[in-house]
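Structure record follows, encoded as structure tokens.
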Ligand code: HEM
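Residue numbers (full-length UniProt numbering): 1 to 540.
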């Protein structure tokens, strides 16, 4: 039998029903509001995506249209009305991964004339001989500037877009004023002792990589990949120049970890397809979180080093330069991007340059023997020897960079006035890049009856004065934008060579034995020209 519902239970039931209906009504209202808000947000988000997508498309269309219009009014043509040749390829990635191939295609297409190549949607002019280079950098061409983010897109912009190599005008001058004194010739010479210690430690470590004989004796020879072997050494040397005595073993380990992160970021910046899009750069993605992580850690690392140097009274150039940020002459972002450029972005350049030095000497045993003999003759005053500029040592460094440049093509630069290049009218603002290998090897100054431009022959510099190769040699930069680290690089290279050649004889391993062979194999996944070559180090 059912129990009758009591009055109080009935009231409770009614009350609960009321509460439930109020809750339901409110929930309904909330869900309507929520779904409307959600819908609104969705529409707004889609709209932003559409605008950004159209903006990306517009940018590439705009440049193509601008080029066609410019041609109509006589630009990109010579006096006879002939159009400049066009390599109808987007070489945005290929110039790094297959630069030598692109160089050959350009030569086949345009022979000795400048030509257009495409950097995503933008036309760029490729210069390849001393005449083009002179026309571009001569006084008639007024100001010069670097394009925003070097034409590499928004992802690159976040990592290096405010570095000294990308800045222009007063910002560039302010940054050079801060960094130049800390990278002067004298500073570089003062670091010679540190560099010697680092090379000595590196050589000791090399030995530990080689097999030891059963009796524990050191192995008389080692076989190593040149670019892998030379990777960390220049990084350590440049880090010492930047952080001075504040650089402990622990902080260097931190830098190495940051460098691994930076390598991934740089890979995305140079080779990432989506990373070129402004749209992609704001959406959550793996590469964005990599970048966010790197930015955060890089800033924290530098602030910690500055704080440590201050607290412990340690000489540390980065800490000495940092007040320029507080005074406002440079921004914190510019400062951090510039240290990044000097340290991380440069590791590929400097390590390849050291590796090529070893390879070129290994491939040319006569040059190696002569240089070793010269080193022997200067044993009593190594400092004076490194400082001298009329030595085989100096010429070997120059010759190696000439023959094996750090990149296949230089980074873009444009003139702020119209130019005539090899008779072609080029509008102001058009980025120009130099085919680095062709300029450095094919110019008539490098090719004589006795010696060709593709042969490693340091002695060729004995007969030349700098004026002779002013427009034929891209080493540390042409025009006003010169390498900020050229003094450090020179002392580093020379100290390295002197110490290595005293202890080891270098030989190539594998096929690249022919000294006249154009170029050793290179690794395609780097933005610099990175040799893919093993070497045999034979103890002297
Ligand atoms: C032997 C190795 C090196 C070579 C062949 C080299 C080559 C160059 C070249 C050709 C440029 C001019 C790029 C342009 O057209 O804008 C340049 C710029 C630069 N280099 Fe080097 N470099 C070397 C080592 C170094 C080192 C060791 C450092 C740092 C200590 C460094 C830091 C820079 C910076 C920051 C710039 C931009 C300068 C500016 O635009 O004001 N480089 N380098």
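Every residue gets a Cβ at the ideal spot worked out from N, C-alpha and C, and that includes glycine. Computed from a prediction, not measured in an experiment: that's the story for all the values here.
Check whether residue i and residue j have beta carbons under 8 Å apart
i, j, result
"residue 77", "residue 408", "no"
"residue 93", "residue 478", "no"
"residue 420", "residue 135", "yes"
"residue 205", "residue 321", "no"
"residue 53", "residue 279", "yes"
"residue 315", "residue 379", "no"
"residue 522", "residue 359", "no"
"residue 259", "residue 195", "no"
"residue 454", "residue 386", "no"
"residue 106", "residue 126", "yes"
"residue 374", "residue 403", "no"
"residue 542", "residue 85", "Residue 542 is absent from the structure shown; the chain starts at 1 and stops at 540."
"residue 246", "residue 319", "yes"
"residue 501", "residue 290", "no"
"residue 242", "residue 339", "yes"
Contact test: residue i Cβ vs the ligand HEM heavy atom, cutoff 7 Å
i, result
"residue 410", "yes"
"residue 152", "no"
"residue 339", "no"
"residue 350", "yes"
"residue 475", "yes"
"residue 387", "no"
"residue 176", "yes"
"residue 498", "no"
"residue 488", "yes"
"residue 125", "no"
"residue 550", "Look at the range of the chain in this structure, 1 to 540, and you will see that residue 550 is not part of it."
"residue 314", "no"
"residue 168", "no"
"residue 346", "yes"
"residue 438", "no"
"residue 413", "yes"
"residue 330", "no"
"residue 183", "yes"
"residue 375", "no"
"residue 359", "no"
"residue 419", "no"
"residue 402", "no"
"residue 483", "yes"
"residue 99", "no"
"residue 433", "no"
"residue 342", "yes"
"residue 199", "no"
Close Cβ partners of residue i (< 6 Å) along its chain, the five nearest in sequence each way excluded
i, result
"residue 161", "149"
"residue 230", "351, 354, 355"
"residue 130", "443, 471, 472"
"residue 341", "160, 163, 165"
"residue 157", "149"
"residue 188", "487, 488, 491"
"residue 446", "453"
Nearest candidate by alpha-carbon position, reference residue i, set the options
i, options, result
"residue 401", "466, 464, 474", "474"
"residue 457", "143, 317, 395", "395"
"residue 155", "245, 73, 262", "262"
"residue 334", "46, 398, 170", "170"
"residue 526", "267, 90, 332, 168", "267"
"residue 69", "337, 484, 83", "83"
"residue 346", "488, 98, 189", "488"
"residue 277", "91, 369, 152, 103", "152"
"residue 191", "180, 201, 238, 168", "238"
"residue 88", "115, 72, 99", "115"
"residue 193", "43, 240, 21", "240"
"residue 104", "303, 531, 519", "519"
"residue 462", "398, 18, 418, 428", "398"
"residue 497", "67, 80, 200", "200"
Contact set for residue i: own chain, Cβ-Cβ below 8 Å, skip 5 residues either direction
i, result
"residue 329", "174, 177, 178"
"residue 548", "It is not possible to answer for residue 548, since the shown part of the chain is limited to 1 through 540."
"residue 546", "No answer is possible for residue 546: the residues shown for the chain start at 1 and end at 540."
"residue 412", "119, 124, 146, 147, 150, 151, 431, 432, 433"
"residue 284", "none"
"residue 198", "233, 236, 237, 240"
"residue 451", "457, 460"
7 Å CB neighbourhood of residue i in its chain, flanking five on each side removed
i, result
"residue 349", "406, 528"
"residue 504", "537, 538, 539, 540"
"residue 293", "261"
"residue 516", "Residue placement at residue 516 cannot be trusted, given a pLDDT of 48 that sits under 50; what the coordinates show is reported in the next sentence. Contacts found: 454, 455."
C-beta neighbour in chain D for residue i, strict 8 Å
i, result
"residue 377", "Going by chain labels, chain D is absent from the structure shown, which holds only one protein chain."
Contact between the region 113-123 and the region 54-71 (3+ Cβ pairs under 8 Å): In short, these stretches touch, since the Cβ pair count reaches three.
If contact is defined by three or more beta carbon pairs under 8 Å, each pair taking one atom from either stretch, is the region 241-256 in contact with the region 356-367? At 8 Å Cβ cutoff, the stretches do not touch.
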